[in-house]
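To start, the structure under review is shown below, and the notes come after it.
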Amino acid sequence: MLKVRSLLFATFLLPSLAAVADNAKRPFEGAWAPSAKDCADPTDGNIRITSGKYFEHEGSCSIVQAAKAGSVWTLSLSCEGEGEKWKKSVKLEPKGSGQLEIVHTGAASSKLVRCKAEQRPPNWPAR
154 MLKVRSLLFA
164 TFLLPSLAAV
174 ADNAKRPFEG
184 AWAPSAKDCA
194 DPTDGNIRIT
204 SGKYFEHEGS
214 CSIVQAAKAG
224 SVWTLSLSCE
234 GEGEKWKKSV
244 KLEPKGSGQL
254 EIVHTGAASS
264 KLVRCKAEQR
274 PPNWPAR
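Residue numbers (the numbering used here): 154 to 280.
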């Protein structure tokens with residue numbers, strides 16, 4: 154009987170726990186801007202990241218892979234916008250107090266601040 158219970162636990166409960174962990178929000182998900190003012194009045198530097206998408210000025214990307222090394226996340230992206238398609242990667246490092254450092258391949262890093270939900274303009278993608 155104990156073996157049957159153990160087998161049921163391993164078969165049904167463990168995969169459920171793993172799915173919950175996989176679906177947990179990652180620290181870089183949300184809306185980000187170069188400054189708090191830019192949250193309500195977006196600039197080219199605003200981005201929004203969901204569990205599977207990366208939205209930026211004039212384009213959106215599917216997150217193909219997200220890998221973590223220490224506190225740095227590397228996202229491999231497949232993007233499209235304005236009739237073009239491209240692939241790229243970005244490195245993200247969440248910082249304390251609602252900041253995110255971002256490095257696009259071959260570019261200098263920049264720091265962004267997290268936008269609160271009420272600061273985002275109505276046309277900013279939610280998912």
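Cβ coordinates follow ideal geometry from the N, Cα and C atoms, glycine included.
Just so we're clear, the structure is a prediction, and the values are computed from it rather than from any experiment.
With 16 other Cβ atoms within 10 Å as the buried cut-off, status of S169: Locating residue 169 in the sequence shown gives position 16, where the first residue counts as 1. At S169 the pLDDT is 36, less than 50, meaning the model places this residue with poor confidence; the figure from the coordinates comes in the next sentence. So S169 ends up on the exposed side.
Where G183 falls, given that 16 or more other Cβ within 10 Å makes a residue buried: Indexing the sequence shown from 1 puts residue 183 at position 30. The residue is buried, with at least 16 neighbouring Cβ atoms inside 10 Å.
Among G236, K178, T203, E209, nearest to A186 - alpha-carbon criterion: For the purposes of this step, residue 186 is taken as the residue at position 33 of the sequence shown. The shortest C-alpha separation from A186 is found at E209.
Length-filtered (3 minimum) beta strand (DSSP E) runs lying within the stretch 206-268: 206-209, 212-222, 225-234, 237-248, 252-257, 262-267
Cα-Cα separation, L265 to K238: As a working mapping, residue 265 is identified with position 112 in the sequence shown. As a working mapping, residue 238 is identified with position 85 in the sequence shown. Those two C-alpha atoms are separated by around 25 Å.
Buried versus exposed, by CB contacts within 10 Å (16 or more), L225: Counted from its first residue, the sequence shown places residue 225 at position 72. According to the sequence displayed, residue 225 carries Val and not Leu. Its Cβ having fewer than 16 others within 10 Å, V225 is exposed.
Inter-residue Cα distance where the pair is K248 and I255: Position 95 of the sequence shown holds residue 248. Position 102 of the sequence shown holds residue 255. Answer to the nearest angstrom: the Cα atoms are 10 Å apart.
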